[in-house]
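Please read the structure below before turning to the comments.
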Amino acid sequence: MTPAITAEFIRRIPKTDLHLHLDGSLRIPTLVELARRERVKLPSYTEEGLRKLVFKKHYRSLPEYLRGFTFTVAVLQSPENLERAAFEMAEDNLAEGVRYIEVRFAPQLHCRAGFSIEQVVHAVCKGLDRAKHRHNRRPAVTRGEDIPFEYGIIACALRHFNEQYSPYYRQILHVMSYAPRKEVFAAASLEMARAAVEMARHKGLQVVGFDLAGEESGYPAEAHKAAYQFAHSHFLKKTVHAGEAYGPESIFQAITECHANRIGHGTFLFAWNMIRDPSIEDPRAYARWLAEYVASQRITMEVCLTSNLQTTPSIRKVSDHPLKQMIRHNLSVSICTDNRLVSDTTVCKELQLVADHLHVTPHQFRNLVIAGFKGSFFPGSYTDKRAYVRRVLDRYERLEQGILGASSRLAAR
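Everything in the sequence shown is counted per the working numbering, starting at 55 for the first residue and increasing by one.
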């Protein structure tokens, strides 16, 4: 008899979150406190009110989903606030058994005169380091009974923006007022890539990757290929939000034009009917070959179930999600939250959705969890990463034998 994957087991196993937006993962009490201090006007100053008006269970559209970010970004404009948000987010992850996170955000949204991109990232690292040192000094960790906490920073560029996004974007739009908007967006991305490489290689900050976020339709990733080529040429790992609201062509472009090592979401990987390029004569074959390529190259898909359910009308329930198809095609898939606040979720909740609705085997479930560690842009050497993954596997297998084995024996009686 196949043992049930229990909530206790999910809580206790070591987990990752590779797709975790800082500005989408604040605690509501912190948001309210910082908004009062920074004089940021909120639609409500209670958790109940914000859950009803802004951070909902269901959204009518992607713009409605994104509305909350205008408030969270507005309060994250100082080193103290960024450090606090990062520390609390790490603590929330640690409390549910997450031991490795990659925190992504767009530093250009938070910088201004006197507060540089590097200072923004340093503030976030300071908060994450504080949580890391607190956890890693625990006796259970020093005795080898628990997994040390590690993290990486993923610097995000934006596919497009306007003057209201931040002082940085307002300034670059002013300076490049002569240029088409597409060139301005590309220039901002290239500057972000240059800064990310500088921080990773020369400033000692744990910047492990580069990302491109924002609306896909009308803003193709290939417009930012110079930024990605710069990151690629300097050995910085790369992920791209792709296939979240657009078809297989977006994922293909992320891989071929942007050298993506991972794909953020990848929801419409198999949606051959969304292909629009008339030169693709056999859309079904194209999608099939793309999926096979992604699988064979172990390009990890960062799947965010709740977020997709909230923003994708065609996915009405978990069983509609192509995750099961990804598993059948032997893709490397890591289960992520996207935004802990905006989607009102946790890593445990996301994994419980998998266990409850997709009828995966313990072996398939294990692969999903371990794929997060294997597909990570780990900040240490490859040798260090292998040792870390081995430690995680040993811990996972002990818990599997203890908790799932016990439940299986009880069920057999």
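By construction, the Cβ of each residue, glycine as well, lies at the ideal position given by its N, Cα and C atoms.
Roughly how many angstroms separate the alpha carbons of Ile-282 and Arg-370, rounded to a whole number? Residue 282 sits at position 228 when you count from the first residue of the sequence shown. Residue 370 sits at position 316 when you count from the first residue of the sequence shown. In the sequence under discussion, the amino acid at residue 282 is Tyr, which differs from the Ile named in the question. Roughly 34 Å separates the two Cα atoms.
Start and end residues, alpha helix (DSSP H) containing Ala-177: Locating residue 177 in the sequence shown gives position 123, where the first residue counts as 1. Its alpha helix (DSSP H) spans residues 171 to 190.
Are the CB atoms of Glu-335 and Tyr-300 within a distance shorter than 8 Å? Within the sequence shown, numbered from 1, the residue matching residue 300 stands at position 246. Within the sequence shown, numbered from 1, the residue matching residue 335 stands at position 281. Contact flag unset, no.
Rounded separation between Thr-321 and His-375 - CA only: Translated into the one-based positions of the sequence shown, residue 321 becomes position 267. Translated into the one-based positions of the sequence shown, residue 375 becomes position 321. Each residue's Cα considered, the two are about 8 Å apart.
With 16 other Cβ atoms within 10 Å as the buried cut-off, status of Asn-216: Residue mapping note: residue 216 aligns to position 162 of the sequence shown, counting from 1. When all chains shown are included, Asn-216 counts as exposed.
CB-CB under 8 Å to Pro-83, same chain, minus the five flanking residues each way: which ones, in chain order? As a working mapping, residue 83 is identified with position 29 in the sequence shown. Once the five neighbours on either side are set aside, the close Cβ partners of Pro-83 are Glu-101.
When we look at the beta-carbon of Tyr-99 and count the other beta-carbons within 10 Å, is it buried (16 or more) or exposed? Within the sequence shown, residue 99 is the residue found at index 45, counting from 1. It is exposed - the Cβ of Tyr-99 has fewer than 16 other Cβ atoms within 10 Å.
Look up Arg-449 in the DSSP assignment and say whether it is helix, strand or coil. On the sequence shown, position 395 is the one that residue 449 refers to. Helix, per DSSP.
Could you check what DSSP says for Ser-388 in three-state terms: helix, strand or coil? In the sequence shown, counting from the first residue as 1, residue 388 sits at position 334. Residue state, collapsed to three classes: strand.
Return the first residue and the last residue of the alpha helix (DSSP H) that Lys-111 is part of. For this step, residue 111 is matched to residue 57 along the sequence shown. DSSP places Lys-111 outside any alpha helix (DSSP H), giving it a letter other than H or E.
Minimum length 4: unbroken alpha helix (DSSP H) runs contained in the segment 298 to 333: For the segment 298 to 333, the continuous alpha helix (DSSP H) assignments of 4+ residues that do not extend past its boundaries occur at 302 to 310, in sequence order.
Please list the segments of the alpha helix (DSSP H) lying wholly inside the segment 206 to 286, counting only runs of 4 or more residues, in order along the chain. 221 to 229, 235 to 256
Assigned secondary structure, Asp-438 (DSSP; H/G/I helix, E/B strand, else coil): Counting from 1 along the sequence shown, the entry for residue 438 is found at position 384. Asp-438: helix per DSSP, three-state reduction.
Taking its Cβ as the centre, do 16 or more other Cβ atoms sit within 10 Å of Glu-62, making it buried, or is it exposed? Residue mapping note: residue 62 aligns to position 8 of the sequence shown, counting from 1. With fewer than 16 Cβ atoms within 10 Å of its Cβ, Glu-62 is classed as exposed.
Contacts around Asp-183, its chain only, beta-carbon distance under 8 Å, and the 5 residues preceding and following it disregarded: Stepping through the sequence shown from its first residue, residue 183 is reached at position 129. Closer than 8 Å at Cβ, skipping near neighbours: no residue.
Nearest candidate by alpha-carbon position, reference Ser-472, set Gln-162, Ala-250, Val-357, Ile-305: Residue 472 falls outside the range modelled here, since the chain spans only 55 to 467, and no answer is possible.
From Arg-166 to Val-175, what distance separates their C-alpha atoms? As a working note, residue 166 is residue 112 in the sequence shown. As a working note, residue 175 is residue 121 in the sequence shown. Spanning the two alpha carbons is a distance of roughly 13 Å.
Span of the beta strand (DSSP E) holding Ala-296? Counted from its first residue, the sequence shown places residue 296 at position 242. Per DSSP, Ala-296 belongs to the beta strand (DSSP E) from 291 to 296.
Comparing alpha-carbon positions, which option in Tyr-436, Gly-181, Phe-141, Leu-447 lies nearest Arg-420? Start at 1 with the first residue of the sequence shown, and residue 420 comes out as number 366. Minimum Cα distance to Arg-420 is reached at Leu-447.
Here's the rule: buried if 16 or more other CB atoms are within 10 angstroms of the residue's CB, otherwise exposed. What is Asn-135? Position 81 of the sequence shown holds residue 135. A residue is called buried once 16 or more other Cβ atoms fall within 10 Å of its Cβ, and Asn-135 is buried on that count.
For Ala-211, which option in Ala-160, His-411, Lys-279 has the closest C-alpha, if you only look at C-alpha atoms? Position 157 of the sequence shown, counting from 1, holds the residue named residue 211. The candidate whose alpha carbon is nearest that of Ala-211 is Ala-160.
At least 3 beta-carbon pairs within less than 8 Å: the segment 75 to 82 vs the segment 390 to 399: yes
Under DSSP, the alpha helix (DSSP H) around His-417 begins and ends at which residues? Indexing the sequence shown from 1 puts residue 417 at position 363. Segment 416 to 428, the alpha helix (DSSP H) holding His-417.
From Val-178 to Val-261, what distance separates their C-alpha atoms? Within the sequence shown, the letter at position 124 stands for residue 178. Within the sequence shown, the letter at position 207 stands for residue 261. Val-178 and Val-261: Cα-Cα distance of roughly 11 Å.
Pairing CB atoms from the segment 232 to 240 with CB atoms from the segment 181 to 196, are three or more of them under 8 Å? no
Below 8 Å, how does it come out for the segment 219 to 228 and the segment 85 to 93: are there three or more Cβ pairs, yes or no? no
Decide if Lys-111 is buried, meaning its Cβ has at least 16 other Cβ atoms within 10 Å, or exposed. As a position in the sequence shown, residue 111 is number 57, starting the count at 1. Lys-111 is exposed by the Cβ-count criterion.
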